[in-house]
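Okay, so here's the structure we're looking at.
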Amino acid sequence: MSKHQHSARDAQANKVTLVGALFDTLLGILKIITGVLGHSAALVADGVHSLSDLATDVVVLISIRLGGRAPDQNHPFGHRRIETLGTVILGLMLLAVAIGLVWQNAFSLWQGQSSTVPIWPVLLVAGLSFGIKEGLYWYTIKAARSLHSELLSANAWHSRSDALSSIVVLIGAGGAMLGVWWLDAVAAMLVAVLIGWISLQLLTGSLAELIDTAVSIEQQQAYRAQILQTQGILAINALRSRTSGGKVLLELKLEVAPRLSASEAHWLGQQVKQQLKKQFTEIGDILVHINSPASTLPEQLTSSSIRPALQQALETLLQRYQLEAAEAEVFLYYQHPIRADILLSSKAQTRLADISTKQLQQQLQQIWPQSRQLHIYFYQEKSD
Numbered sequence: 001m002s003k004h005q006h007s008a009r010d011a012q013a014n015k016v017t018l019v020g021a022l023f024d025t026l027l028g029i030l031k032i033i034t035g036v037l038g039h040s041a042a043l044v045a046d047g048v049h050s051l052s053d054l055a056t057d058v059v060v061l062i063s064i065r066l067g068g069r070a071p072d073q074n075h076p077f078g079h080r081r082i083e084t085l086g087t088v089i090l091g092l093m094l095l096a097v098a099i100g101l102v103w104q105n106a107f108s109l110w111q112g113q114s115s116t117v118p119i120w121p122v123l124l125v126a127g128l129s130f131g132i133k134e135g136l137y138w139y140t141i142k143a144a145r146s147l148h149s150e151l152l153s154a155n156a157w158h159s160r161s162d163a164l165s166s167i168v169v170l171i172g173a174g175g176a177m178l179g180v181w182w183l184d185a186v187a188a189m190l191v192a193v194l195i196g197w198i199s200l201q202l203l204t205g206s207l208a209e210l211i212d213t214a215v216s217i218e219q220q221q222a223y224r225a226q227i228l229q230t231q232g233i234l235a236i237n238a239l240r241s242r243t244s245g246g247k248v249l250l251e252l253k254l255e256v257a258p259r260l261s262a263s264e265a266h267w268l269g270q271q272v273k274q275q276l277k278k279q280f281t282e283i284g285d286i287l288v289h290i291n292s293p294a295s296t297l298p299e300q301l302t303s304s305s306i307r308p309a310l311q312q313a314l315e316t317l318l319q320r321y322q323l324e325a326a327e328a329e330v331f332l333y334y335q336h337p338i339r340a341d342i343l344l345s346s347k348a349q350t351r352l353a354d355i356s357t358k359q360l361q362q363q364l365q366q367i368w369p370q371s372r373q374l375h376i377y378f379y380q381e382k383s384d
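Using full-length UniProt numbering, the letters of the sequence shown correspond one by one to residues 1 to 384.
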């Protein structure tokens, strides 16, 4: 994502959050004042819920500002995990609010019937709150989906929880006004339980992201099916996934034909990345590692000793015919037995006109006997 795209994304997220913060402030104050004057513990609890929305709006704004920073030397993968950390903080704040409300209203129930009951403005404010908060939910969730922001999504559900709690307030306060004195306190406790459930949902998802939990099996299977549609990919040796700031990060180990050139193998990897990002918009970054079919080499043949030994043997052979090492190009295939393909220039072909490639192979194998698959070819350079 470019710097301009980051700025546009963050600006839109900021706008949505600020609109929510304005309404949360007004509703929170209105509900607490009305709840106190109207003798409704449930509406006071709902007002505290709205003000907790305001606190979470602040967390969201700070997280978006910090998380939107571009990658730098110390944070090469960007700062999007700050959004995840912000969601964890938001979840903890909601959980604390829920526990406090349950404790307060359980104590009220233990004390017994109150001498006062809610009055009709409580119902009016609760109904107004439901309409505004449900509208804020749809406004915020639409932005969250378009921006692929888990943090905005969490804030949207916080608004919906406030809308649902307003319904509970309507039922509780209305029941208390009809003579069921304890219904208002029970409604307040139900609001608290709803807040607590949402907080646990947020904490579960965010903590899973922070400890690099893999995406679902269904998602992984969809990714695998898409990868194997790329012609030239023989197998998927490994697929590792995690999420960061709402984006899926993938690490792939893909198997290709053993004698595929490095450039073609790299090209296949790029095709896989392009197709995955095209089909799955939730994918952010993809790291591709190319493998050849696994084979076991003799212990005495290490990757660091094979090429130098062959190169030295080839130079010895070329010196016999007064040729330079630059006239040969070596391709090694680490299979068992090891295969070596050697391309000789047209200049070398002219100098070796009286010698067959089979004879050259035999002479080279006498100097370098480790491989039973040694092939020498001549190639014609392009003329300028």
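We put the CB at the ideal spot given by N, CA and C, even for glycine.
Alpha carbons only, please: which of the options is nearest the one belonging to residue i?
i	options	result
T140	A262, A154, V248	A154
I132	L250, T25, T243, F280	T25
W103	A45, W138, T87	A45
G205	Q12, T87, D285, L314	T87
G196	E329, Q73, E327, L101	L101
I211	T84, Y223, Q201, V19	T84
V186	N105, L323, Q279, Q361	N105
S149	V191, Q12, E324	Q12
Q359	P337, E324, Q322, L317	L317
I217	Q363, L239, I33	L239
I99	Q73, A192, Q362	A192
Are the beta-carbon atoms belonging to residue i and residue j less than 7 Å from one another?
i	j	result
A176	L183	yes
I290	L249	no
S241	A265	no
L194	S159	no
L287	E251	yes
L95	S199	yes
W368	A326	no
P293	P258	yes
A173	V122	yes
Just the Cα atoms here: how many angstroms apart are residue i and residue j?
i	j	result
W157	S40	25 Å
Q275	L164	42 Å
P118	L54	26 Å
K31	E282	39 Å
S244	L343	47 Å
E315	Q335	23 Å
A42	Q226	52 Å
K277	K247	11 Å
I355	G284	57 Å
S146	Q219	20 Å
A21	W110	35 Å
Q365	E209	56 Å
S261	V330	12 Å
Q319	A328	12 Å
L352	L228	46 Å
W120	S50	20 Å
L152	I29	23 Å
R81	L124	41 Å
I33	F23	15 Å
L207	V58	20 Å
I89	A143	21 Å
L27	F107	26 Å
In its own chain, which residues sit with a C-beta less than 8 Å from the C-beta of residue i, not counting the 5 before and 5 after it?
i	result
S166	D46, A126, G127, S129, F130, K133
K273	I286, V288
I236	R224, I227, L228, L252, K253, L254, E255
F378	L343, L344, S345, S346, A348, Q349, T357
V19	L136, Y139
L92	S199, L203
S161	H49, L194, I195, I198
Identify, in the order they occur along the chain, each residue of the same chain with its Cβ nearer than 6 Å to the Cβ of residue i, setting aside the five sequence neighbours on each side.
i	result
H375	D341
Q271	T230
V48	none
M189	V102, N105
R339	Y333, Q373
Q279	Q226
In chain order, what residues of the same chain have a beta carbon less than 7 Å from the beta carbon of residue i, not counting five sequence neighbours either side?
i	result
L268	T230, G232, I233, V256
S115	Summary for S115: the model assigns pLDDT 49, below 50, so the residue's position carries little reliability; its value from the coordinates is reported in the next sentence. Cβ neighbours of S115 beyond the five flanking positions: none.
L61	N14, T17
Y321	R351, L352
I306	L332, I338
S52	M93, L94, V97
G38	P118, I119, P121, V122
Q363	L317
Distance cutoff 7 Å, beta carbons only. Does residue i sit that close to anything in chain B?
i	result
V102	Absent from the structure: chain B. Only one protein chain is present.
*asked:* Threshold first: 4 residues or longer. Then list the alpha helix (DSSP H) segments lying entirely within the stretch 180-222, N to C.
replied: 183-210
*Just list the alpha helix (DSSP H) runs in the stretch 347-375, keeping only unbroken ones of 4 residues or longer that don't cross its boundaries, in chain order.*
357-367
*Can you list, in chain order, the stretches of the alpha helix (DSSP H) that have 4 or more residues and sit fully within the stretch 268-338?*
303-320
_Ranges of the alpha helix (DSSP H) found wholly within the stretch 137-185, counting only runs of at least 4_ = 150-177
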